[in-house]
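Chains as they are written, first to last, in the numbering used here: chain A, 17 to 153; chain B, 305 to 598. Every residue, glycine too, gets a C-beta built ideally from N, C-alpha and C. All of these numbers come straight from a predicted model, not from anything done at the bench.
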């Protein structure tokens, strides 16, 4: 029986996180999910939010964007558009990105459906970053 | 026998060519570094995505997504990913030769991404359904446009299978032409070379045989599968660009080396001719002197 979980977080640009952890809490589309080893196999959607991984009494906090999570008994794989460790998040940059996306969403009249979706995701991800950052601070 | 002046002219022209190929080599080298990095960065995501899908698809239970349904017909569409420009060695030739030998029949619909593929399709009289171009670096939206057309062809029932042919980037020296099946999603193939060696665990922990889905299988797979295809096409475009710049860099390096060798040979020949001319002149002068002296 597995006693730890292999947590992997990947984005199209990079592998953000890959470590053995004791448990992980992540933002599922239908509410927060707490995952411990030997969880039943589950495939779920992930919404933008903060993810907390526990490892031997320490916790790492990350911000993740929209994506998917696959959970088997011994690993948790998160496929997401964006992810960042809270230590690396630049609060000012996140605020600015959010403001920019909001401005574009409100002012632009030529926004396609795809772009609107992307902008909405960008705003949610910026908020998730801020939340993760403040959680730590 | 070329005159010394002809040879001098040729040396000059070859030198110019060498200068150009040298410049192109440097440009390709810079672009190659970026394109390779982009392709390599996408691989972890592709790997995890492949593993997740192969596990989920084999354990999805009753649920079947339209993308996963195998049909009996054999009408096919082929997405052909080539470069826009030439001067990249045998890259396109290898890909197109492989494709024409094995995959294209009279009723295969060709969707070309990249101008070289489209030109070849028209020359060979293939059924060219659409032509796309993609930027450098390729944007996700460009991949989505290509995917959308392919998915439409598949969903409307015009074709029963969609394949994608591209040049997979292995390293700077090696690029492999490959054909992958895009639709229906049957077995999950990797976009990278080393994927055969990856272990894919299909047995689930805890003795469970099926995945639970949240909110439900239709919703999750309905989002995951289109996303998978978009991402895969994008990754393939990235791999193709990395291959293109690598191949061009190597081709231009070879061209520069050849030009320099040619310059060396020509210079040798020129010097020989020059020396022969001088010897000849000296000979004439001495003969004339001897004639006068008598």
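Across the set B:590, B:554, B:386, B:416, the C-alpha of B:386 shows the shortest separation from the C-alpha of residue 543 of chain B. Counting the other CB atoms within 10 Å of its CB gives residue 561 of chain B a total below 16, which places it among the exposed residues.
Scanning its chain for C-beta atoms nearer than 8 Å, with the 5 sequence neighbours on each side dropped, one finds around residue 308 of chain B the residues 574, 577, 578, 581, in chain order. Among the residues facing chain B, residue 92 of chain A is not included, as its CB has no counterpart in that chain under 7 Å away. With a threshold of 16 other beta carbon atoms within 10 Å, residue 443 of chain B falls short and is exposed. Residue 515 of chain B belongs to the set of residues whose beta carbon lies under 7 Å from a beta carbon in chain A.
Its chain contains 142, 146 as the residues whose beta carbon lies nearer than 8 Å to that of residue 111 of chain A, once the 5 sequence neighbours on both sides are disregarded; these appear in chain order. If you compare the alpha carbons of B:516, B:315, B:535 with that of residue 345 of chain B, the shortest gap goes to B:535.
Among the residues facing chain B, residue 60 of chain A is included, as its CB has a counterpart in that chain under 7 Å away. Counted as a single uninterrupted DSSP element, the stretch harbouring residue 374 of chain B is not any alpha helix (DSSP H), since DSSP gives it neither H nor E.
The three-state secondary structure of residue 29 of chain A, taken from DSSP, is coil.
Inclusion of residue 348 of chain B and residue 32 of chain A in the CB contact set at 7 Å is not warranted, their separation being larger than that value. Distance from the CA of residue 108 of chain A to the CA of residue 137 of chain A, rounded to the nearest whole angstrom, comes to 18 Å. Chain A places a beta carbon closer than 7 Å to that of residue 353 of chain B, counting this residue as a contact. Between the alpha carbons of residue 82 of chain A and residue 427 of chain B lies a distance of about 45 Å. For residue 537 of chain B, no CB of chain A lies under 7 Å from its own CB, so it is not counted at the interface with that chain.
The continuous beta strand (DSSP E) containing residue 470 of chain B extends over residues 465 to 473. For the pair residue 68 of chain A and residue 77 of chain A, the CB atoms are nearer than the 7 Å cut-off. Secondary structure note for residue 432 of chain B: its beta strand (DSSP E) is the uninterrupted segment 431 to 436. With a 10 Å radius around the Cβ and a threshold of 16 neighbouring Cβ atoms, residue 306 of chain B comes out exposed. For residue 528 of chain B, the C-beta contacts it makes with chain A under 9 Å involve 59, 61, 84, 95, in order along the chain. Against residue 345 of chain B, the close residues of chain A are 28, 29, 30, in the order they occur along the chain (beta-carbon pairs closer than 8 Å). A contact is defined here as three or more CB-CB pairs under 8 Å, and the region 129 to 136 of chain A fails this definition with respect to the region 57 to 64 of chain A.
For the region 395 to 448 of chain B, the full-length alpha helix (DSSP H) segments reaching 4 residues or more read 395 to 406, 419 to 427 along the chain. Around the Cβ of residue 519 of chain B, a 10 Å sphere holds fewer than 16 other Cβ atoms; the residue is exposed.
Between residue 529 of chain B and residue 371 of chain B, the C-beta spacing is below 7 Å. Under the three-state reduction of DSSP, residue 535 of chain B is assigned to helix. For the pair residue 421 of chain B and residue 450 of chain B, the Cα-to-Cα distance works out to about 14 Å. When rounded, the separation of the alpha-carbon atoms in residue 360 of chain B and residue 410 of chain B is 36 Å. Residue 532 of chain B counts as buried, since no fewer than 16 other beta carbons sit within 10 angstroms of its beta carbon. For residue 148 of chain A, the closest C-alpha among the options A:135, A:123, A:103, A:121 is that of A:103.
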